[in-house]
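Worksheet: one structure, shown below.
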Amino acid sequence: MNDTSYRVALGGVISSLCLMMMFMTSLTPLLYLVMPMFAGLLLIIIISEISVSWAFLTYISVSMLSMLVTFNKESALMFIMFFGHYPMLKLYIEKLKFRPLRVLIKFILYNLCIAAEMFAVIYLLGIDDMIKEMNDMGKYGLWIMLGMSNLMFISYDVALSSCSLLYKKWLKPKILLKK
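The working numbering applies: residue 8 is where the sequence shown begins, and numbers increase by one.
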């Protein structure tokens, strides 16, 4: 659909749902990581229904609002630094034909984004609890956390692909009655 009002309305609805999820990060500690992931998954709808550029605008609006009005700034940074833009970048990375290169690019991107997020949390927000927790794990604490984080990324990447396929093949044609 090329109707501008449809684009604006869908962008507004998805933005509000993403922002609601970002507010929910303060409810329990588990939601601190899960809700930014789900908010990123919602961007699949914008990408599929409108375009990547509209999804990027939605990402920018949710990012700014989540930093301004939500309580959990660390979760907002997780959305900004990785979970918000990864669904859009994944679309372009998946176009590469050589699978090992795709996987390598995904892991490099993820680890750079997570390192930047950790730096921002520690030095910009002043939340240094992460350093203390890693020191409690011994000299290999950072590497253990990074390994566990990469395993989580693999599951997120698979979930993102599965949800995208689910939306395109089942939800869109059967529920929304669109082809």
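From the three backbone atoms N, C-alpha and C, an ideal C-beta is built for every residue, glycine too.
*Would you kindly work out how many angstroms separate the C-alpha atoms of residue 179 and residue 165, rounded to a whole number?*
Cα-Cα distance, rounded: 20 Å.
_In whole angstroms, give me the CA-to-CA distance for residue 59 and residue 53._
The alpha-carbon of residue 59 is positioned some 7 Å away from that of residue 53.
*Keeping to the same chain, check which residues put their C-beta closer than 8 Å to that of residue 122; ignore five residues upstream and five downstream.*
So the list is empty, once near-sequence residues are dropped.
*Sequence ranges, alpha helix (DSSP H) only - wholly within the stretch 59-143, length at least 4*: Listed in chain order, the complete alpha helix (DSSP H) runs (minimum 4 residues) inside the stretch 59-143 are 59-76, 80-85, 93-100, 106-126, 136-143.
*Spatially closest choice to residue 159 from 34, 114, 56, 11, by CA coordinates*: Taking only the C-alpha atoms, the option nearest residue 159 is 114.
*Straight-line CA distance for residue 172 to residue 163?*
When rounded, the distance between both Cα atoms is 14 Å.
*Residue range of the alpha helix (DSSP H) that residue 145 falls in?*
Note, residue 145: premise wrong, no alpha helix (DSSP H); not H, not E.
*Does the stretch 85-101 come close enough to the stretch 30-47 that 3 or more CB-CB pairs lie under 8 Å?*
Between the stretch 30-47 and the stretch 85-101, the count of C-beta pairs closer than 8 Å reaches three or more; the two stretches touch.
*Apart from the five residues on each side of it in sequence, which residues of its chain come closer than 7 Å, Cβ to Cβ, to residue 10?*
Counting only Cβ-Cβ distances below 7 Å, and skipping sequence neighbours, we find nothing.
*Tell me whether residue 94 is buried or exposed, calling it buried when 16 or more other Cβ atoms sit within 10 Å of its Cβ.*
By the neighbour-count definition (other C-beta atoms within 10 Å, threshold 16), residue 94 is a buried residue.
*Residue interval of the alpha helix (DSSP H) (run including residue 35)*: In this chain, residue 35 is not harboured by any alpha helix (DSSP H), its DSSP state being neither H nor E.
*In chain order, what residues of the same chain lie with their CB nearer than 8 Å to the CB of residue 118, ignoring the 5 residues before and after it?*
The beta carbon of residue 118 is closer than 8 Å to those of 153, 157 in its chain, skipping five residues each way along the sequence.
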